[in-house]
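Following: one structure in structure tokens, then a few remarks.
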Amino acid sequence: MEEGSNERIIAFIANLMPSYVGERVNGQWCARSLVDGTLILPFHGTEDASDEFVSVLWQGDPGRRTAVLAVYVASLAIARYVELHHIASHSKETRLEMQHMAHHFTVKTGEALVFDEPGSDMMDVLGRAVGRLGEGAVLELLKRAAGF
Numbered sequence: 098m099e100e101g102s103n104e105r106i107i108a109f110i111a112n113l114m115p116s117y118v119g120e121r122v123n124g125q126w127c128a129r130s131l132v133d134g135t136l137i138l139p140f141h142g143t144e145d146a147s148d149e150f151v152s153v154l155w156q157g158d159p160g161r162r163t164a165v166l167a168v169y170v171a172s173l174a175i176a177r178y179v180e181l182h183h184i185a186s187h188s189k190e191t192r193l194e195m196q197h198m199a200h201h202f203t204v205k206t207g208e209a210l211v212f213d214e215p216g217s218d219m220m221d222v223l224g225r226a227v228g229r230l231g232e233g234a235v236l237e238l239l240k241r242a243a244g245f
């Protein structure tokens with residue numbers, strides 16, 4: 098059986114150490130957040146578009162399941178990964194790391210991150226927002242915007 102886009106994205110997220118770890122749950126490869134235990138697993142719907150989605154079990158609770166576009170989850174996971182690795186770095190270094198990870202993500206999964214658009218000043222905007230509002234506030238805004 099050919100690996101779907103959502104499965105490639107989950108495998109990618111599972112390798113974003115130290116934030117995530119990969120594990121097998123009910124025969125499916127998943128990514129578990131080491132921050133809060135949230136589990137990301139392939140979405141299996143009846144529609145053709147189901148390959149674009151992942152199921153998110155908030156804090157690992159099967160009763161709190163949400164279907165989310167896989168690239169949204171990946172975008173937040175990668176942004177957090179870069180942020181963790183460059184917390185005290187200059188914004189140019191963060192932007193370069195984000196570009197590197199976005200390219201790496203595309204090579205590995207065949208998908209593009211939602212903020213990976215030519216000419217996008219997203220990293221500058223995020224950097225200024227973190228400076229003004231703080232990291233926690235910006236992360237909450239991003240989560241709400243992505244439907245978390």
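Be aware that the sequence shown starts at 98, since it is given in the working numbering, and climbs by one per residue.
The beta-carbon is built from N, C-alpha and C at its ideal position, and this holds for glycine as well.
Between the C-alpha atoms of residue i and residue j, what's the straight-line distance to the nearest angstrom?
i: Ala111; j: Val118; result: 5 Å
i: Val122; j: Phe109; result: 17 Å
i: Glu194; j: Gly124; result: 33 Å
i: Lys240; j: Ile175; result: 13 Å
i: Phe150; j: His141; result: 8 Å
i: Arg177; j: Ser130; result: 11 Å
i: Cys127; j: Gly228; result: 34 Å
i: Phe202; j: Gln196; result: 10 Å
i: Ser147; j: Leu181; result: 31 Å
i: His200; j: Glu100; result: 20 Å
i: Leu154; j: Met198; result: 25 Å
i: Leu166; j: Val204; result: 19 Å
i: Met98; j: Glu120; result: With a pLDDT of only 40 at Met98, under the threshold of 50, the placement of this residue in the model should not be trusted; the figure read from the coordinates follows. Between Met98 and Glu120, the C-alpha separation is close to 19 Å.
i: Leu173; j: Arg192; result: 15 Å
For residue i, count the other beta carbons within 10 Å of its own beta carbon; 16 or more makes it buried, fewer makes it exposed. Which is it?
i: Val132; result: exposed
i: Ala234; result: exposed
i: Leu113; result: buried
i: Val179; result: buried
i: Pro215; result: The predicted position of Pro215 is uncertain, since its pLDDT is 43 and thus under 50; a value taken from the coordinates is nonetheless stated next. Result: exposed.
i: Glu237; result: exposed
i: Glu232; result: exposed
Strictly by DSSP, which residues pair up with residue i?
i: Glu104; result: According to DSSP, Glu104 bridges with nothing at all.
i: Ser130; result: Tyr117
For my contact list, residue i and residue j are in at a C-beta cut-off of 8 Å; report their separation, rounded to the angstrom.
i: Leu230; j: Val168; result: With 8 Å as the limit, Leu230 and Val168 do not qualify as a contact, their Cβ atoms being about 25 Å apart.
i: Ser152; j: Ala164; result: 6 Å
i: Ile106; j: Glu208; result: 6 Å
i: Ser102; j: Thr206; result: 7 Å
For the pair the segment 153-161 and the segment 122-136, tell me if three or more CB-CB distances fall below 8 Å. yes
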